[in-house]
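Participant: As they're listed, the protein sequences go chains H and U. Taking this note's numbering, the leading residue of the first sequence gets 3, the next gets one more, and so forth. Taking this note's numbering, the leading residue of the second sequence gets 3, the next gets one more, and so forth.
Number of protein chains: 2
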Amino acid sequence: MVLFERLVILGVGLMGGSLALAAKKAGVVTTVVGWSRRESTLQTALDNKVIDVAEKDLSAALKGADCVVVATPTILAESIMIQVLEQVPESVIVTDVASVKGNIARALTQRFARVPSNVVLAHPIAGSEQSGVAAAKVDLYQDHRVILTKETNTDADALQKVQQLWSAVGAEVFEMSTAEHDHILALTSHLPHLLAYTLVAQLSADRQSSDVFKFAAGGLRDFTRIASSDPRMWQEILLANKDQVRQSIKDFAQQLSKLDQLLEAGNADKLEQVFTAVKSSRDDFAKELAARKKH
Amino acid sequence: MVLFERLVILGVGLMGGSLALAAKKAGVVTTVVGWSRRESTLQTALDNKVIDVAEKDLSAALKGADCVVVATPTILAESIMIQVLEQVPESVIVTDVASVKGNIARALTQRFARVPSNVVLAHPIAGSEQSGVAAAKVDLYQDHRVILTKETNTDADALQKVQQLWSAVGAEVFEMSTAEHDHILALTSHLPHLLAYTLVAQLSADRQSSDVFKFAAGGLRDFTRIASSDPRMWQEILLANKDQVRQSIKDFAQQLSKLDQLLEAGNADKLEQVFTAVKSSRDDFAKELAARKKH
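(1) The stretch 198 to 216 of chain U: which residues have C-beta closer than 7 angstroms to a C-beta of chain H, in chain order?
(2) Does residue 283/U come within less than 8 angstroms of chain H when only Cβ atoms are used?
(3) Could you tell me which residues DSSP pairs with residue 98/H in its beta bridges?
(4) Quick one: what does DSSP say residue 146/U is sitting in, helix, strand or coil?
(5) Is the CB-CB distance between residue 230/U and residue 284/H below 8 angstroms?
(6) Candidates 268/H, 256/H and 98/H: which alpha carbon is nearest residue 207/U's?
(7) Could you tell me whether the stretch 187 to 195 of chain H touches the stretch 257 to 264 of chain U, where touching means 3 or more Cβ pairs closer than 8 angstroms?
(8) Apart from the five residues on each side of it in sequence, which residues of its chain come closer than 8 angstroms, Cβ to Cβ, to residue 99/H?
(9) Please determine, among 103/H, 51/H and 67/H, the residue with the shortest C-alpha to C-alpha distance to residue 89/H.
(10) Against chain U, which members of the stretch 239 to 250 of chain H pass a CB distance test of less than 9 angstroms?
(11) Identify the contact partners of residue 147/H in chain U, using a Cβ-Cβ distance below 7 angstroms as the criterion.
(12) For a contact defined as C-beta to C-beta under 7 angstroms, what are the partners of residue 226/U on chain H?
(13) Please work out which residues of its chain come closer than 7 angstroms, Cβ to Cβ, to residue 47/U, disregarding the five sequence neighbours upstream and downstream, and give them in chain order.
(14) Quick one: grab the DSSP three-state call for residue 12/H.
(15) With 8 angstroms as the C-beta to C-beta threshold (strictly closer), list the residues of the stretch 112 to 129 of chain U near chain H in chain order.
(16) Please list, in chain order, the residues of the stretch 151 to 175 of chain U that have any C-beta partner in chain H closer than 8 angstroms.
(17) Considering just the uninterrupted stretch of the alpha helix (DSSP H) at residue 194/U, what are its terminal residues?
(18) Going along the stretch 248 to 270 of chain H in order, which residues come within less than 7 angstroms of chain U, judged by CB to CB distance?
(19) Using only the alpha-carbon positions, how far apart do residue 26/U and residue 226/H sit?
(20) Sort out for me which residues DSSP pairs residue 37/H with in a bridge.
(21) Between residue 272/U and residue 122/H, what straight-line distance do the alpha-carbon atoms span, to the nearest angstrom?
(22) So is residue 145/U buried or exposed if we call it buried at 16+ other beta carbons inside 10 Å?
(23) I'd like to check one pair, residue 183/U with residue 154/U: are the Cβ atoms closer than 8 angstroms?
(24) Can a CB atom of chain H be found closer than 8 angstroms to the CB of residue 229/U?
(25) Rounding to the nearest angstrom, what Cα-Cα distance links residue 165/U and residue 61/U in this structure?
(26) Mapping the DSSP letters down to three states, classify residue 17/U as helix, strand or coil.
(27) Please determine, among 81/U, 75/U and 160/U, the residue with the shortest C-alpha to C-alpha distance to residue 133/U.
(28) Which residue's Cα is closest to the Cα of residue 191/U: 224/H, 7/H and 196/H?
(29) Determine the closest residue to residue 168/H out of 148/H, 158/H, 177/H and 59/H, with distance taken between C-alpha atoms.
(30) Whose Cβ in chain H lies nearer than 7 angstroms to the Cβ of residue 237/U?
(31) Once the 5 residues before and after residue 176/U are set aside, which same chain residues still bring their CB inside 8 angstroms of it?
(32) So that I know if they touch, is there some Cβ in chain U lying closer than 8 angstroms to that of residue 6/H?
(33) Are residue 65/H and residue 41/H touching if we call contact CB-CB under 8 angstroms?
(34) Check whether the Cβ of residue 190/U lies closer than 8 angstroms to any Cβ atom in chain H.
(35) Is the Cβ of residue 86/U closer than 8 angstroms to any Cβ of chain H?
(36) Tell me where the alpha helix (DSSP H) around residue 178/U begins and ends.
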């Protein structure tokens, strides 16, 4: 079933490119138009058959669209989405793939008094340490979760079509408020990235830093894997979700201080009790995640 | 070349059992004697040919030994090593496999005025989320690093023989002071474990904790893998290295606070600069670790 005759992807990178590939394969779009400010990106996208039509001009790209996906870096998402909404009629569905939702909702509210009814903000929880259109893959979203953040005035038909698009590419779709989304993502993704960056910065700054890394092993490698993520992307995400991230830092510091007090007091029993509860939560999470991937 | 006629392993678990298997395979020991307080452990060790002789009585186990390896849980290592040193002549080499060295060196110094010259403290940086003699494997130490902590009075021959034992089982041997060891391990292993425990405790305590884990993905799984480690073992290790761990917590909190200030100030450039340096350090570390494993 064709959902969209003309799907326009703004920013043809890993996320947008993978959505284009998957939507075409699923047969839910007729034509995919790609827009990028970089000529070379558009050429690669055409060469790899990620998009059908390339446009360097935003207005030209938007012409005849029935769905527009803003898939630019986080820092551009707000302004690009405003530009799109200023140009397309209300009948065109406008959505995105950004990791933070509150900043976009606030920017739209500031410009249009509220989030327009044809906007369905979306966050597919998927990614890779690689980026760019060359890394796009047809199954990036398979068995992954996508969160849609619904406003009271969101058009029911727009919401349903965006749901169908994500289901068609193999994702499981959930709905929640932007605040809830940004809180959960701060805890499960943004804070862990910041903690990994912090630890590696601490280790690098240590007076024995060359020996520090020399004697580190697999535990540290896995713990710091996310510190190898793209520095610009993560600076943008953390700043876009600044308030929630800073609250999560505060809560983390308090939790760490509690455990430090147990260490100071030599309270072996209580420490073991905390670690045992933690191990149980983490084992359950790992099991649930493994089951999710097997679908 | 036989290094030891009678190698005595006190505590036949993952670490001690794997050393026994590897030393026998390498042909550097004639007879391995295993001691454990649990009958079932000794039976499994005999059944799996991890040890040649089982002893439930410590004095009987020590009889005729030329090398004694204390491989008990961390919390028992100090007292067991003191008991051993009270019973064996100075010609017997006494070593261990514990993750923390300073606490043992302090306990020995308190009892014997200094670390006896026949003691060579050792820490093989290897392990597994599994534990117990049934998890013992012959190649656990292959391509791993072992740190020996030498005192000024350490017997040169004892040091050399312990070096040869670890080299024979495929490990790369390094020497440093106990203080340096405990500082480096606090940073690369003990602190990361505590941070992973802290984050999972925070997530579990969150008002939306069921949703928190529901929307977490591979990044969080890898970041928290070490929070699935054995709660008792880690409580013991963290308390054994309490001073260094608490100092590393303090340094971490300061580093986190610096990054929090950059977030508060919205300093995108400086954040990106820190993350870029971190990514470079972490990428180098991951590359070096991969090269180490390929040997």
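Think of the CB as a built atom: it goes at the ideal place given N, C-alpha and C, for glycine as much as any other residue.
Facilitator: According to the structure shown:
(1) 198, 199, 200, 201, 202, 203, 204, 205, 206, 208, 210, 213, 214 and 215
(2) Stepping through the second sequence from its first residue, residue 283/U is reached at position 281. At least one chain H Cβ lies under 8 angstroms of residue 283/U.
(3) Mapped onto the first sequence, residue 98/H falls at position 96. DSSP, once it has assigned bridges, lists 72/H as partnering residue 98/H.
(4) What you label residue 146/U is simply residue 144 of the second sequence in a count that begins at 1. If DSSP states are grouped into helix, strand and coil, residue 146/U belongs with coil.
(5) Translated into positions along the second sequence, residue 230/U becomes position 228. Translated into positions along the first sequence, residue 284/H becomes position 282. Cβ distance < 8 angstroms, so residue 230/U and residue 284/H count as in contact.
(6) Within the second sequence, the letter at position 205 stands for residue 207/U. Answer by Cα proximity: 256/H.
(7) no
(8) What you label residue 99/H is simply residue 97 of the first sequence in a count that begins at 1. Excluding positions up to five away in sequence, the list reads 17, 18, 21, 71, 72, 73, 124, 125 and 126.
(9) The sequence position of residue 89/H within the first sequence is 87, counting from 1. Ranking the options by Cα distance to residue 89/H, first place goes to 67/H.
(10) 240, 241, 244, 247, 248 and 250
(11) Numbered from 1 along the first sequence, position 145 holds the residue referred to as residue 147/H. By Cβ distance, chain U contributes 217.
(12) Position 224 of the second sequence, counted from the first residue, corresponds to residue 226/U. The answer, in chain order, is 284.
(13) Locating residue 47/U in the second sequence gives position 45, where the first residue counts as 1. Counting only Cβ-Cβ distances below 7 angstroms, and skipping sequence neighbours, we find 14, 19, 36, 53, 56 and 135.
(14) The count along the first sequence starts at 1 and reaches residue 12/H at position 10. Three-state result, residue 12/H: strand.
(15) 127 and 128
(16) none
(17) Counting from 1 along the second sequence, the entry for residue 194/U is found at position 192. Counting along the chain, the alpha helix (DSSP H) containing residue 194/U begins and ends at 193 to 207.
(18) 248, 251, 253, 254, 255, 257, 258, 261, 262, 265, 266, 268 and 270
(19) Taking the second sequence and counting its residues from 1, the one referred to as residue 26/U is at position 24. Taking the first sequence and counting its residues from 1, the one referred to as residue 226/H is at position 224. C-alpha separation (whole angstroms): 36 angstroms.
(20) Working through the first sequence from its first residue, we reach residue 37/H at position 35. For residue 37/H, which the question treats as bridged, DSSP gives the partners 12/H and 57/H.
(21) On the second sequence, position 270 is the one that residue 272/U refers to. On the first sequence, position 120 is the one that residue 122/H refers to. Between residue 272/U and residue 122/H, the C-alpha separation is close to 33 angstroms.
(22) Taking the first residue of the second sequence as position 1, residue 145/U is located at position 143. Answer is exposed; the Cβ neighbour count stays below 16.
(23) As a position in the second sequence, residue 154/U is number 152, starting the count at 1. As a position in the second sequence, residue 183/U is number 181, starting the count at 1. Taking 8 angstroms as the Cβ cut-off, residue 154/U and residue 183/U do not qualify as a contacting pair.
(24) Locating residue 229/U in the second sequence gives position 227, where the first residue counts as 1. For residue 229/U, the answer is yes, since a Cβ of chain H falls inside 8 angstroms of its Cβ.
(25) Residue mapping note: residue 165/U aligns to position 163 of the second sequence, counting from 1. Residue mapping note: residue 61/U aligns to position 59 of the second sequence, counting from 1. Each residue's alpha carbon lies about 26 angstroms from the other.
(26) Locating residue 17/U in the second sequence gives position 15, counting from the first residue. In the structure shown, residue 17/U sits in a helix (DSSP, three-state: H, G or I).
(27) Mapped onto the second sequence, residue 133/U falls at position 131. When only C-alpha atoms are compared, the closest one is 75/U.
(28) For this step, residue 191/U is matched to residue 189 along the second sequence. For residue 191/U, the nearest C-alpha among the options comes from 224/H.
(29) By one-based count along the first sequence, residue 168/H stands at place 166. Closest option to residue 168/H, Cα to Cα, is 148/H.
(30) The count along the second sequence starts at 1 and reaches residue 237/U at position 235. The contacting residues are 270, 273, 274 and 277.
(31) Working through the second sequence from its first residue, we reach residue 176/U at position 174. For residue 176/U, where only same-chain residues beyond five positions count, the Cβ hits under 8 angstroms are 147, 148, 149 and 150.
(32) In the first sequence, residue 6/H corresponds to position 4, counting from 1. No, residue 6/H does not count as interfacial toward chain U.
(33) As a working note, residue 65/H is residue 63 in the first sequence. As a working note, residue 41/H is residue 39 in the first sequence. No; because the gap between Cβ atoms is not below 8 angstroms, this pair is not in contact.
(34) Residue numbering aside, residue 190/U sits at position 188 when the second sequence is read from its first letter. Output row for residue 190/U: interface = yes.
(35) Translated into positions along the second sequence, residue 86/U becomes position 84. By this cut-off, residue 86/U is not an interface position.
(36) Locating residue 178/U in the second sequence gives position 176, counting from the first residue. Where residue 178/U is concerned, there is no enclosing alpha helix (DSSP H), although the beta strand (DSSP E) it sits in stretches over 174 to 178.
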